[in-house]
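Take a look at the structure set out below.
Numbering (the numbering used here), first residue to last: 1 to 166.
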């Protein structure tokens with residue numbers, strides 16, 4: 001969440017370690033609200049101006065985190081978000097593939113938020129959710145091996161985006 005003033009306020013609530021009693025449904029609704037505001041305030045105006053829009057995380061993240069990780073169901077989380085997305089579907093989704101154990105080790109060094117403090121099993125479920133979503137929506141999702149050197153990851157990312165923009 002984030003990207004707008006309202007989204008940043010919602011983000012603070014979601015990631016606050018003091019929000020540990022937040023129910024999974026409330027979490028999903030807050031993510032959907034933040035994303036909807038981002039669509040309303042940033043994405044739709046940019047698309048109307050003919051601009052290319054790049055987002056760090058979008059619906060796929062909620063489907064994996066809340067749909068699978070929080071056991072709310074992919075279709076339920078999709079339904080919560082559909083209203084606020086106003087028909088927006090990304091042309092390309094890049095999934096930077098890294099084992100959840102590696103991701104957790106990286107995040108531990110930085111200091112975690114409420115979601116990052118979830119245990120390995122939660123993050124493994126989220127990871128498996130992403131993998132199942134890659135299989136379910138293969139047309140616009142490209143997996144990039146993020147275990148490689150950063151220069152290789154960058155080159156693959158630029159190549160993939162370049163192919164779409166041709």
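Virtual Cβ for every residue (Gly too), placed ideally from N, Cα, C.
What would DSSP say about residue i, mapped onto helix, strand or coil?
i           : result
residue 145 : strand
residue 88  : coil
residue 94  : strand
residue 2   : coil
residue 22  : coil
residue 70  : coil
residue 49  : coil
residue 137 : coil
residue 115 : coil
residue 99  : coil
residue 16  : coil
If you follow the alpha helix (DSSP H) that residue i is part of, which residue opens it and which one closes it?
i           : result
residue 58  : Residue 58 -> no alpha helix (DSSP H), and no H or E assigned at all.
residue 162 : 150–165
At the level of alpha carbons, what is the spacing between residue i and residue j?
i           : j          : result
residue 63  : residue 55 : 16 Å
residue 96  : residue 22 : 28 Å
residue 39  : residue 81 : 11 Å
residue 50  : residue 13 : 33 Å
residue 162 : residue 92 : 11 Å
residue 165 : residue 32 : 28 Å
Item to check | Sufficient close CB pairs (3 or more, under 8 Å) joining the stretch 120–136 to the stretch 94–101 | outcome: yes
Checklist entry - Touch check for the stretch 63–71 and the stretch 142–149: three-plus C-beta pairs under 8 Å? => result no
Checklist entry - Should the stretch 152–165 be called in touch with the stretch 74–90, which here means at least 3 C-beta pairs below 8 Å? => result no
Next on the checklist: For the structure I just gave you, are there three or more beta carbon pairs, one from the stretch 12–19 and one from the stretch 46–55, closer than 8 Å?
Outcome noted: no
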